[in-house]
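So the sequence shown is numbered by the working numbering: it starts at 4 and just counts up by one. In this text, a Cβ means the ideal position worked out from N, Cα and C, and glycines have one as well. This one's a predicted model, so the numbers in the text were calculated from it and none came from an experiment.
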Amino acid sequence: MNATGDPRTSYRSARMVRRDWPTSRLVTLRGADQHGVYGVFGSSCVDSTVNAYLGTGRLPSGDVGCPRATE
């Protein structure tokens with residue numbers, strides 16, 4: 004998972020890793036500028052996607068794009 008504005012791991016780098024591991028999935032939190040995303044940022048989309056994987060061991064069928072929640 005990666006936020007599009009992550010100050011430590013660029014989104015470009017996350018996409019490169021995804022490309023290099025074709026069976027992986029990229030969970031993207033759009034419009035966020037935080038490095039810690041899962042369990043920290045408060046995105047129900049990110050958290051539920053990761054929790055589903057951790058609970059079942061099955062990856063999503065494709066990459067997942069999550070919008071930044073509006074306050």
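8 Å contact criterion, which residue i and residue j should meet: CB distance rounded
i, j, result
"Cys69", "Leu32", "5 Å"
"Phe77", "Ala55", "Outside the modelled stretch of the chain, which goes from 4 to 74, sits residue 77, for which no answer is possible."
Opposing strand residues paired with residue i [DSSP bridges]
i, result
"Leu32", "Ala6 and Cys69"
Residue environment, residue i, which counts as buried when at least 16 other CB atoms sit within 10 Å
i, result
"Met4", "buried"
"Thr52", "buried"
"Val20", "exposed"
"Ser46", "buried"
"Arg15", "exposed"
"Asp9", "buried"
Where the alpha helix (DSSP H) containing residue i begins and where it ends
i, result
"Ser57", "The sequence given here places Leu at residue 57; Ser does not occur at that position. Run containing Leu57: Ser47 to Thr59, per the alpha helix (DSSP H) assignment."
"Tyr14", "Tyr14 to Asp23"
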